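J.: Quick one: structure below, then a few questions.
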Amino acid sequence: MARYRIKFNKKVCIGSGACASVCPENWELVETPDGLKAKPRKTEISEDEYDSNSQAADICPVEAIKIEKISSRKVHGVEEEEEEDYGEEY
Ligand code: SF4
0 MARYRIKFNK
10 KVCIGSGACA
20 SVCPENWELV
30 ETPDGLKAKP
40 RKTEISEDEY
50 DSNSQAADIC
60 PVEAIKIEKI
70 SSRKVHGVEE
80 EEEEDYGEEY
């Protein structure tokens, strides 16, 4: 089953709360020295959790949330994680 990694750019988050409204199971707002910021409970999610987190990424007005697929393959019997190229450093 596919797994996904959430990359969250806290610096650009403006604390709108949109992510938490569409995906409350993984996103919450927390008070920080820089004001309200979103916080993901998990940064590695399963396929079942992908849709709602993807909605959170889509709705974010500053594109602070990216989700990338983690693909794993077995090399000499050892499972290795391989990240697909996301195209940009985040
Ligand atoms: S939707 Fe984006 S800007 Fe708004 S709280 Fe979530 S991560 Fe921050």
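When we follow numbering that gives the first Met the number 0, the leftmost residue of the sequence shown carries the number 0, and every step to the right adds one. Cβ coordinates follow ideal geometry from the N, Cα and C atoms, glycine included. Treat the numbers as computed from the prediction; the structure is a model and nothing was measured.
Taking the alpha carbon of K9 as the point to measure from, which residue in C18, C22, E46 and S53 has its own alpha carbon closest?
T.: C18
J.: Mark E88 as exposed unless 16 or more other C-beta atoms lie within 10 angstroms of its C-beta, in which case mark it buried.
T.: Note that E88 has pLDDT 47, beneath the 50 cutoff, so the model's placement of it is unreliable and the number below is only indicative. Per the 10 Å Cβ criterion, exposed.
J.: So what's E24 in DSSP terms, helix, strand or just coil?
T.: coil
J.: In chain order, what are the residue ranges of uninterrupted beta strand (DSSP E) at least 3 long that sit wholly in the stretch 28-75?
T.: 34-39, 43-45 and 64-74
J.: Between E24 and I44, what straight-line distance do the alpha-carbon atoms span, to the nearest angstrom?
T.: 11 Å
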